[in-house]
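Chains as they are written, first to last, in our numbering: chain A, 67 to 333; chain W, 20 to 363; chain V, 35 to 317. Glycine included, each C-beta is placed from N, C-alpha and C at the ideal position. These numbers come from a predicted model, not from an experiment. Only one structure is covered here, and it is reproduced in the block below.
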Amino acid sequence: MKAGNRALPALSTAYAAAAYAFLYLPIVVLVVYSFNRDGVGGFPPQHWTLDWYRTLFDDSAMWTSVGNSAMVALCTVVLSMLIGFPAAYALDRYSFPGKAAFQRLVLLPLIVPGVITGISLLLLTVSSGFHLSLVTVILGHSTALTAVAATEIFAGLAKLDRSLEEASADLGATGIQTLTRIVLPGLRTSLLGTALLIFTLSMDEIAVTFFLIGRENTLPLEIWSRLRRGATPEMNAIATLIFLFSVITIFLSQWLMTSEKTEIINR
Amino acid sequence: MSNFLRLENVSKRFGEHTVLASISLEVERGEFLTLLGESGSGKTTLLRILAGFEEATGGRIFLEDEQLDALPPHRRPIHTVFQSYALFPHMSVFDNVAYGLRVRGCARDEMTARVEEALKKVHMEGFSKHFPRQISGGQKQRVALARALVNRPRLLLLDEPLSALDANLRFEMQRELKVLQREVGITFIFVTHDQSEALAISDRVVLLRHGKVEQCGTPRSIYSTPRTAYSASFLGKSNLVQGTVLDGVADCADFSVPVNVADGAVTFSLRPECIAPVTETAQAGEQLVPFVAEVVAEQFHGADSLLTLRCASGTELSARVAGPRGNGGWFAFRAQDLVPLEQE
Amino acid sequence: MARSRLSAWLVTLPPFAWIALFLFTPYCLLFCYSFWSLDAGQQVVHHLTLANYLHLLQTPLYLTVILRSMRIAFSVVLLSLLIGYPLACFLVFQAGKYRRILYQAVIIPLWISYLVRAYAWKVIFGNEGVMNTLLLWCHATRHPLGFLLYSPFAVIVTLTHIYVPFVVLPVVAALEKIPPELLESSSDLGATAWQTFTRVILPLSLPGVLSGATFAFLLSFGDFLAPLLLGGPSSVMIANIVANLFGADYNWPLGAAVAVLILVMVLVILTITQRLERRWRVA
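Next up, the structure:
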């Protein structure tokens with residue numbers, strides 16, 4: 067920080083570079099070895115091939131699980147937003163008895179190990195006589211990820227200017243009109259970001275899913291069950307695709323946010 | 020019972036803390052009323068109760084004999100101009116102004132016509148496609164006004180709307196507000212902590228202090244005859260002179276003045292501009308009270324100077340005079356300018 | 035105002051009902067199960083008993099595993115801080131115009147599948163994996179290093195990789211809140227860069243460190259995938275025990291008791307760190 071000290075910035079930059087290397091090394095390895103003909107290890111990689119992707123595209127069980135996961139993730143986004151929004155709204159705007167306890171309970175799945183949430187919901191399912199299926203997985207994901215939805219939306223609500231809502235009511239808008247015309251547009255970025263985040267988290271969820279899954283597998287569980295039989299570069303190929311999908315989602319959410327800003331300026 | 024707006028014993032408590040203690044007030048149709056007070060005087064709370072954002076703990080409010088208390092904000096024929104303007108950032112100027120008409124389901128043609136008319140009234144007709152972030156503070160102010168006025172409210176509340184503007188713009192907006200109010204004929208209730216703004220702009224001023232009405236009247240009457248020491252010193256500058264009254268004569272150490280108050284210790288208010296050097300104010304028929312004082316400080320203000328005078332007894336008085344005054348000499352004021360104040 | 039109270043109820047009730055049904059009830063069931071037991075026919079007996087908890091106390095295995103889980107979680111926190119704190123400082127004080135993009139680069143791994151990342155480390159650390167073949171290829175070793183995979187080491191590295199961003203983000207948030215004038219006035223008053231760091235920056239960033247560390251600790255403590263995928267028998271963690279009791283071993287009451295124990299520990303740790311955080315924030 068001092069002008070005289072030149073060694074410190076260089077050192078800290080080198081350290082940061084090493085940290086980034088640590089964060090990205092595994093991803094690079096994954097991607098590189100998905101094109102390697104001779105299996106998941108072996109340095110240096112030789113004989114580049116797209117065979118593993120070909121195998122993957124012919125793997126119908128894998129794609130069924132991708133479909134299942136996407137379906138689960140979509141339902142989870144809808145459900146957890148539908149519960150998370152009013153929960154966040156109530157926590158932000160109203161005071162009611164037991165509010166502190168309610169808040170803690172809603173946020174509990176964020177810090178409690180997924181295993182515990184998973185087995186608790188398993189106990190509920192079994193006790194109430196339901197069968198395990200993708201429906202129970204959706205319920206599990208929605209319950210666990212409501213915590214994420216509520217925290218994100220709560221943060222978004224806190225940033226909203228309350229006088230805008232007062233102005234809206236003052237100008238004659240009913241509660242519903244204020245919600246749809248002022249609050250929701252104000253939260254648009256935050257809601258979109260939250261939806262994408264929940265979609266990604268649900269696509270990737272294992273700990274809760276593990277205990278609630280029926281006969282049909284989600285993508286992570288399909289991968290999981292294959293890994294126990296031994297790793298093949300096909301796993302690298304699907305992992306690379308998942309990575310690509312994540313990156314696209316991130317850029318999508320970034321793009322949505324920036325395009326909204328420019329839209330306001332240009333319109 | 021025919022008052023336009025009537026507040027009966029309106030009070031507001033937050034737990035043990037009393038913000039408003041039984042305010043009763045009557046407002047005429049078309050009046051420009053200012054609620055003046057320091058922060059914590061309860062003026063903003065009173066405004067928010069009128070708008071419906073807060074519920075009064077006690078009392079009743081009538082607008083043209085219709086009781087308002089039970090109505091939620093969106094059902095009251097009252098609009099507010101917010102201190103922060105509260106323009107919707109995701110809507111254009113046009114959409115902001117059209118908002119109140121839209122939520123009421125106003126027909127498209129009528130809406131467009133009324134919005135344009137309102138924007139014209141505040142001199143913002145060229146800005147309908149702009150967004151709030153693209154216009155200046157003064158312009159936002161005008162849009163906020165247009166947005167409230169376009170719905171033709173029966174009462175307009177203005178919560179320190181000029182406080183964010185710089186001095187020149189503020190002065191200009193005060194004038195425009197006053198003209199606009201005459202033009203539209205809507206009753207304005209204006210909240211401010213700035214006494215000069217209150218005096219400049221209003222038909223009537225309500226001075227609030229600790230949640231109570233300290234004094235209420237036209238700017239002139241409240242300025243010339245303050246009721247209490249607080250009124251006297253909050254509205255403009257004032258000398259508070261201690262005196263003892265005996266048989267209709269007030270003895271104030273440096274001078275004695277005939278007054279019309281009961282015997283006892285009394286505090287008087289004497290405005291600085293009422294004091295003048297003796298030679299200039301020798302007019303017939305006026306009872307002048309002369310005294311000798313030394314000038315200990317002079318603050319030059321352009322049009323006039325504020326002198327700090329020290330009388331023989333050591334009492335210091337402020338005097339506002341035109342032109343330089345040297346080191347001291349004889350000063351005087353008219354007997355009727357010495358206003359007796361109520362004891363607190 | 036009665037209307038607004040009604041709408042408050044309408045807003046609050048649905049999430050309240052959902053949470054009560056799908057979060058509160060399951061946790062209560064878990065609690066109940068932990069006091070029930072199994073009969074000879076593997077059926078759950080609904081008689082209250084402390085047998086599960088007594089069994090936990092009397093079997094040294096559970097204590098060993100809990101201590102190991104804490105040790106692994108603690109190592110993860112330490113490593114994450116060692117990597118994450120300097121990285122956060124770099125982002126806030128030195129990244130300059132690249133700050134936004136470099137910050138994003140820390141967030142991106144958060145969005146990438148946990149399973150994918152854990153799998154990547156398996157690929158790197160395996161006997162035939164990238165690390166060993168690389169070492170053999172450049173003759174750094176003659177035999178593959180066995181300790182890399184199926185060891186607490188692999189588990190710790192994997193979890194660290196996952197939780198570094200969780201540490202960086204709150205620390206960055208805390209560092210950003212420090213007004214630059216404070217740093218300038220510190221050096222103006224004659225403090226060296228190191229003194230400014232230890233006396234101004236570090237104390238003010240502690241709440242951020244604590245919240246990141248708590249998160250990383252609790253989540254690694256309750257992790258069960260990394261040990262299953264990358265750890266051997268020597269790195270079984272407490273969540274694996276629960277998973278096994280609910281899976282292959284089929285003793286739900288005992289599994290519930292272990293789960294309740296984990297839950298209690300998590301809540302205790304959380305309460306303590308929240309108290310500390312509040313105190314440090316005021317200070």
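Along chain V, in chain order, which residues have C-beta atoms closer than 7 Å to that of residue i?
i	result
threonine 315(A)	Trp145
tryptophan 114(A)	Per Cβ cutoff of 7 Å: no residues; tryptophan 114(A) is ~16 Å from chain V at best.
Look up residue i in the DSSP assignment and say whether it is helix, strand or coil.
i	result
methionine 20(W)	With a pLDDT of only 46 at methionine 20(W), under 50, the local geometry of the prediction cannot be trusted, and the value read off the model is given with reservation. Of the three classes helix, strand and coil, the one that applies to methionine 20(W) here is coil, per DSSP.
threonine 284(A)	coil
threonine 206(W)	strand
alanine 69(A)	No answer about alanine 69(A) holds up, because its pLDDT of 44 lies below 50 and its placement is not dependable.
valine 202(V)	helix
alanine 139(V)	helix
Mind listing the chain A neighbours of residue i? Cutoff is C-beta to C-beta under 8 Å, in chain order.
i	result
histidine 98(W)	Asp236, Leu237
Roughly how many angstroms lie between the CA atoms of residue i and residue j, to the nearest whole one?
i	j	result
tyrosine 292(A)	tyrosine 153(V)	In the sequence under discussion, the amino acid at residue 292(A) is arginine, which differs from the tyrosine named in the question. Going by the C-alpha atoms only, they are around 12 Å apart.
arginine 233(V)	tyrosine 284(V)	54 Å
threonine 237(W)	alanine 217(W)	10 Å
threonine 192(V)	leucine 44(V)	45 Å
leucine 112(V)	tyrosine 132(V)	27 Å
alanine 210(A)	serine 161(A)	24 Å
alanine 257(W)	arginine 254(A)	First, the amino acid is wrong: residue 257(W) is serine here, not alanine. C-alpha separation (whole angstroms): 55 Å.
aspartate 222(W)	arginine 67(W)	21 Å
alanine 76(A)	alanine 42(V)	56 Å
threonine 204(A)	alanine 208(V)	Per the sequence presented here, residue 204(A) reads as isoleucine, with threonine not at that position. Their Cα atoms are separated by approximately 36 Å.
phenylalanine 280(V)	valine 132(A)	26 Å
phenylalanine 350(W)	glycine 342(W)	14 Å
lysine 159(W)	valine 116(W)	11 Å
lysine 68(A)	threonine 315(A)	At lysine 68(A) the pLDDT is 42, less than 50, meaning the model places this residue with poor confidence; the figure from the coordinates comes in the next sentence. For lysine 68(A) and threonine 315(A), the distance between alpha carbons rounds to 40 Å.
alanine 37(W)	leucine 65(W)	Reading off the sequence shown, one finds threonine at residue 37(W), where the question assumed alanine. Roughly 12 Å separates the two Cα atoms.
threonine 244(W)	alanine 219(W)	17 Å
Any beta carbon of chain V sitting closer than 9 Å to that of residue i?
i	result
aspartate 117(A)	no
glycine 180(A)	yes
alanine 153(A)	yes
alanine 224(A)	no
methionine 67(A)	With a pLDDT of only 43 at methionine 67(A), under the threshold of 50, the placement of this residue in the model should not be trusted; the figure read from the coordinates follows. Yes, methionine 67(A) counts as interfacial toward chain V.
aspartate 124(A)	no
tryptophan 321(A)	no
What residues of chain A sit near residue i, judged by a beta carbon separation below 9 Å?
i	result
tryptophan 70(V)	The premise fails here: tryptophan 70(V) is roughly 11 Å from chain A at the closest Cβ pair, so nothing lies under 9 Å.
arginine 107(W)	The sequence as given places phenylalanine at residue 107(W); arginine does not occur at that position. Going along chain A in sequence order, the residues near phenylalanine 107(W) (Cβ under 9 Å) are Leu230, Ala233, Ser234, Arg247, Ile248, Pro251, Gly252.
valine 243(V)	Correct list: empty, because the minimum Cβ distance to chain A is about 16 Å.
glycine 373(W)	Past the edges of chain W, shown from 20 to 363, lies residue 373(W), and the structure says nothing about it.
arginine 370(W)	In the structure displayed, chain W extends from 20 to 363; residue 370(W) sits before or after that span and is not available.
Please decide whether residue i counts as near chain A, where near means a Cβ-Cβ distance under 9 Å.
i	result
leucine 125(V)	yes
arginine 312(V)	no
arginine 171(W)	no
threonine 64(W)	no
lysine 156(V)	yes
valine 164(V)	yes
phenylalanine 108(V)	no
leucine 315(V)	In the sequence under discussion, the amino acid at residue 315(V) is arginine, which differs from the leucine named in the question. Taking Cβ atoms only, chain A never reaches closer than 9 Å to arginine 315(V), which makes this a no.
glycine 347(W)	no
Note down, in chain order, every chain V residue with its Cβ under 8 Å from the Cβ of residue i.
i	result
phenylalanine 162(A)	Ala42, Thr46
leucine 79(A)	Note on identity: in this sequence residue 79(A) is threonine, with leucine being the wrong assignment. In chain order: Phe124, Gln128.
Checking contacts by CB at 9 Å: is residue i closer than that to chain W?
i	result
isoleucine 248(A)	yes
glycine 241(A)	yes
aspartate 158(A)	no
threonine 328(A)	For threonine 328(A), the predicted structure reports a pLDDT of 49, less than 50, and the residue's modelled location is therefore unreliable. A value from the coordinates is still provided. Not closer than 9 Å to any Cβ of chain W, the Cβ of threonine 328(A) fails to qualify, so no.
threonine 244(A)	yes
List the residues of chain W that residue i touches, going by C-beta distances under 9 Å, in chain order.
i	result
aspartate 227(A)	Ser103, Ala105, Pro108
Note down, in chain order, every chain A residue with its Cβ under 7 Å from the Cβ of residue i.
i	result
phenylalanine 72(W)	Glu232
phenylalanine 58(V)	Leu171
Check whether the Cβ of residue i lies closer than 8 Å to any heavy atom of the ligand ATP, and answer yes or no.
i	result
tyrosine 197(V)	This structure lacks the ligand ATP; in fact it carries no ligand of any kind.
At a cut of 8 Å, does the stretch 183-190 of chain A reach the stretch 257-265 of chain V through at least three beta carbon pairs? Too few Cβ pairs lie closer than 8 Å, so no.
Please determine if the stretch 133-150 of chain W and the stretch 69-87 of chain W are in contact, where contact requires at least 3 C-beta pairs separated by less than 8 Å. Because the criterion of three Cβ pairs below 8 Å is not met, the stretch 133-150 of chain W and the stretch 69-87 of chain W do not touch.
Three CB pairs or more closer than 8 Å across the stretch 91-106 of chain W and the stretch 226-243 of chain A: Touching, yes.
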